[in-house]
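Before any comments, here is the structure.
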Amino acid sequence: MSMLEVSGLNAWYGESHILHGVDLNVEEGEVVTLLGRNGAGKTTTLKSIMGLVGRREGSVKFHGAETIGLMPNLIARAGIAFCPEERGIFGSLSVTENLMLPPIVAPGGLSVDEIYTLFPNLKERAMTAHGTRLSGGEQQMLAIARILRTGARMLLLDEPTEGLAPVIVQQIGRTIREIKSRGFTVLLVEQNFRFAATVADRHYVMERGKIVDRIENSQLEANMDKLHEYLGV
Ligand code: ATP
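If you're matching positions, the sequence shown starts at 29 in my numbering and goes up one per residue.
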């Protein structure tokens with residue numbers, strides 16, 4: 029049994045039918061990426077897993093239990109956390125205050141002290157910096173830190189490297205590898221497959237609301253031509 033098993037997932041925003049039968053699975057402890065061009069449906073897949081779309085059909089099983097009929101708050105309580113591209117941190121609050129806010133959905137979430145050990149650069153900014161005064165990289169770290177507080181063991185990360193400088197992208201990569209080494213499971217949306225290759229066990233490629241390929245990370249190099257074609261880069 030996979031930790032997350034998505035099959036025949038369809039999703040709509042109003043009348044727009046965006047996902048057309050997405051099938052994917054993620055094993056406990058894996059880091060898996062969803063690659064694909066703009067508009068392929070990657071973000072919608074993460075949102076659909078959380079129940080954050082207008083309508084969804086199909087099956088999304090978490091630890092074998094069907095969640096398709098559940099409201100987003102109950103899906104979160106099952107132990108899945110979503111870190112949106114827009115990061116969702118509170119600009120007027122300090123770093124520590126941001127870390128105190130997330131709801132605890134399950135035991136085993138990281139304490140604020142543990143967060144500061146994992147993210148030393150956030151510790152330096154703990155009391156002084158308000159969310160909006162943080163750099164893009166610090167905001168992304170804080171957004172990931174917040175979901176680590178909740179106790180969720182499955183993390184859905186939407187383009188954590190978007191718009192960040194290469195040196196910060198490397199830091200995010202280290203963070204994701206550290207999270208994996210602590211036993212968390214990650215489903216990660218990425219456009220940057222060079223980054224994805226440094227963190228993931230395997231990759232799914234999406235096109236027009238469907239999964240069109242599955243590539244082991246060790247096979248990425250051998251599939252470069254195909255990937256360039258898929259991603260249009
Ligand atoms: P990107 O990297 O651009 O976010 P993506 O692969 O994550 O790409 P989605 O954001 O999932 O793609 O978008 C898939 C399709 O759904 C696009 O055609 C987009 O225009 C449409 N879409 C996204 N959000 C909404 C919404 N709230 N209402 C209606 N259509 C939407």
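The beta carbon of each residue, even a glycine, is placed where N, CA and C say it ideally should be. As the structure is a prediction and not an experimental result, all values here were calculated from the model.
Beta-bridge partners of Asp-186 (DSSP): Val-217.
Taken atom to atom, the span from the alpha-carbon of Gly-67 to that of Leu-47 is near 11 Å. Cβ-Cβ separation between Leu-176 and Ile-143: approximately 7 Å, consistent with a contact (criterion under 8 Å).
Here Val-140 has Thr-124, Leu-127, Met-128 and Arg-177 as same chain residues with Cβ atoms under 8 Å from its own Cβ, once five neighbours each way along the sequence are excluded. Taken through DSSP and simplified to helix, strand or coil, Arg-181 comes out as coil.
Phe-118 and Phe-147 have their C-alpha atoms spaced approximately 18 Å apart. In this structure Pro-188 is buried. Its beta-carbon is surrounded by 16 or more other beta-carbon atoms within 10 angstroms. For the ligand ATP, a non-hydrogen atom lies closer than 7 Å to the CB of Asn-66. Within its own chain, the residues whose Cβ lies closer than 7 Å to the Cβ of Gly-42, once the five positions on either side in sequence are excluded, are Gly-82, listed in chain order. Separation of Glu-152 and Arg-236 (C-alpha to C-alpha, rounded to the nearest whole angstrom) is 43 Å. The three-state reading of DSSP puts Leu-32 in strand, counting E and B together. Boundaries of the beta strand (DSSP E) around Val-60: 59–64.
Below 8 Å, too few C-beta pairs join the region 206–221 and the region 86–103 to call them touching: fewer than three.
Of the candidates Glu-166, Arg-174 and Val-214, Glu-166 places its Cα closest to the Cα of Val-197. When the alpha-carbon of Val-217 is set against those of Pro-112, Gln-247 and Ala-180, the nearest one is in Pro-112.
Under DSSP, Asn-38 shares a beta bridge with His-48 and Glu-85. Taking Ala-109 as the centre and dropping the five residues before and after it, the same chain places the C-beta of Ile-175, Thr-178, Ala-180 and Leu-183 closer than 6 Å to its C-beta, in chain order. Inclusion of Lys-89 and Glu-55 in the CB contact set at 8 Å is not warranted, their separation being larger than that value.
Among the bridge pairs identified by DSSP, Lys-238 is matched with Glu-235. Here Leu-138 is buried: its Cβ has 16 or more other Cβ atoms, across all protein chains shown, within 10 Å. Excluding the 5 residues flanking it on each side, Ile-243 has same chain C-beta neighbours closer than 6 Å at His-231 and Asn-251, in chain order.
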